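Enquirer: Below is a structure I'd like to ask you about.
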Amino acid sequence: MALTIRCYDVLVFHHENDPILATIESDLFVIDQSKAVAVEQMKMPSNFRSVLLLVGDEQQVPQSGNDHAALVWPCPIPEALEKIDQLANQNQALPWVDADQLRFKDITMDLKRFSVHKSGVKVELTKTEFNLLKLLLSVGGAALTRNEIMKELWGDDYFGGSNSVDVHIKSLRRKLEDDLKKPKFIITVRGVGYRISDE
2 MALTIRCYDV LVFHHENDPI LATIESDLFV IDQSKAVAVE QMKMPSNFRS
52 VLLLVGDEQQ VPQSGNDHAA LVWPCPIPEA LEKIDQLANQ NQALPWVDAD
102 QLRFKDITMD LKRFSVHKSG VKVELTKTEF NLLKLLLSVG GAALTRNEIM
152 KELWGDDYFG GSNSVDVHIK SLRRKLEDDL KKPKFIITVR GVGYRISDE
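Heads up: the sequence shown at position 181 corresponds to 182 in the numbering used here, and the numbers run straight through without jumps.
This is the structure we're talking about:
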């Protein structure tokens, strides 16, 4: 109830081998391990971007090297909500990639249909702008130099100046209605190039 009040869409599964789990795109999976087998014995679907384990005591907390966050349960509800908010917001700042689509915050790129939607509204991009946005989203938040962008977009034989990248970035930002002072989508990395925003 506390999660739905905070506008989370919540699905509950009683078995970790439910086939539907492998088809769900979620910002966070919460697994109740407080009275269950160790997580190392579970086969995690590849779409589990972030996992929060509810454990019975401190001894069940995964050792270093395990990617999963853990929370001793039961605990105060505000503490649990704070942890869930932290993990869910962290994943919203990362692009979601599958075979046909790229998703980042409220942007959806359909790679087959060559279309981009922002908050459900279609954004008209040129081929270069589309490929530029696709490139920035596909590298998982890494900063790309202007030369790297030029090489990916136009190949080794391109002899234009790096300012051409800046021109296309400016146009892309305008079409995405990205605030240059407080960018939501594309950040300038001074002395380097560009990357997607992780805030």
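For glycine and all other residues, C-beta sits at the position ideal for the given N, C-alpha and C.
Please read all numbers here as calculations on a predicted model, not as lab measurements.
1. By Cβ distance below 7 Å, which residues in the same chain neighbour His16 in space, the five residues on each side in sequence not counted?
2. Since I believe Leu154 is in contact with Leu133 (beta carbons under 8 Å), could you give me their beta-carbon distance rounded to a whole number of angstroms?
3. CA-CA distance, His169 and Gly142?
4. Please tell me whether Leu22 and Leu53 are closer than 7 Å, where the distance is taken between their beta carbons.
5. Could you say which of Lys119, Ala144 and Thr129 lies nearest to Phe105 if we only look at CA atoms?
6. Name the two residues that bound the continuous alpha helix (DSSP H) containing Ile150.
7. Provide the residue(s) that pair with Ala70 in DSSP beta bridges, ordered along the chain.
8. Apart from the five residues on each side of it in sequence, which residues of its chain come closer than 8 Å, Cβ to Cβ, to Gln102?
9. Starting from the C-beta of Ile151, find all residues in its chain whose C-beta is less than 8 Å away, skip the five residues before and the five after it, and write them out in chain order.
10. Hey, could you find the ends of the beta strand (DSSP E) Val11 is sitting in?
Expert: Reading off the structure:
1. Taking the first residue of the sequence shown as position 1, residue 16 is located at position 15. Excluding residues within five positions, none has a Cβ falling inside 7 Å.
2. Locating residue 133 in the sequence shown gives position 132, where the first residue counts as 1. Locating residue 154 in the sequence shown gives position 153, where the first residue counts as 1. Right, their Cβ atoms sit about 6 Å apart.
3. Taking the first residue of the sequence shown as 1, we reach residue 169 at position 168. Taking the first residue of the sequence shown as 1, we reach residue 142 at position 141. Between His169 and Gly142, the C-alpha separation is close to 19 Å.
4. Start at 1 with the first residue of the sequence shown, and residue 22 comes out as number 21. Start at 1 with the first residue of the sequence shown, and residue 53 comes out as number 52. Cβ distance not < 7 Å, so Leu22 and Leu53 don't count as in contact.
5. Position 104 of the sequence shown, counted from the start, is the residue given in the question as residue 105. The residue with the shortest Cα to Cα distance from Phe105 is Lys119.
6. Along the sequence shown, one-based indexing puts residue 150 at 149. Unbroken alpha helix (DSSP H) run through Ile150: Arg147 to Trp155.
7. Taking the sequence shown and counting its residues from 1, one reaches residue 70 at position 69. Looking at the DSSP assignment, Ala70 forms a beta bridge with Leu53.
8. As a working mapping, residue 102 is identified with position 101 in the sequence shown. So the list reads Thr109, Met110, Asp111 and Leu112, once near-sequence residues are dropped.
9. Within the sequence shown, numbered from 1, the residue matching residue 151 stands at position 150. Note that residue 151 is Met in the sequence shown, not Ile. So the qualifying residues of the chain are Tyr159, Gly161, Ser163, Ser165 and Val166.
10. Stepping through the sequence shown from its first residue, residue 11 is reached at position 10. Taken as a continuous stretch (DSSP letters only), Val11 belongs to no beta strand (DSSP E), as it is neither H nor E.
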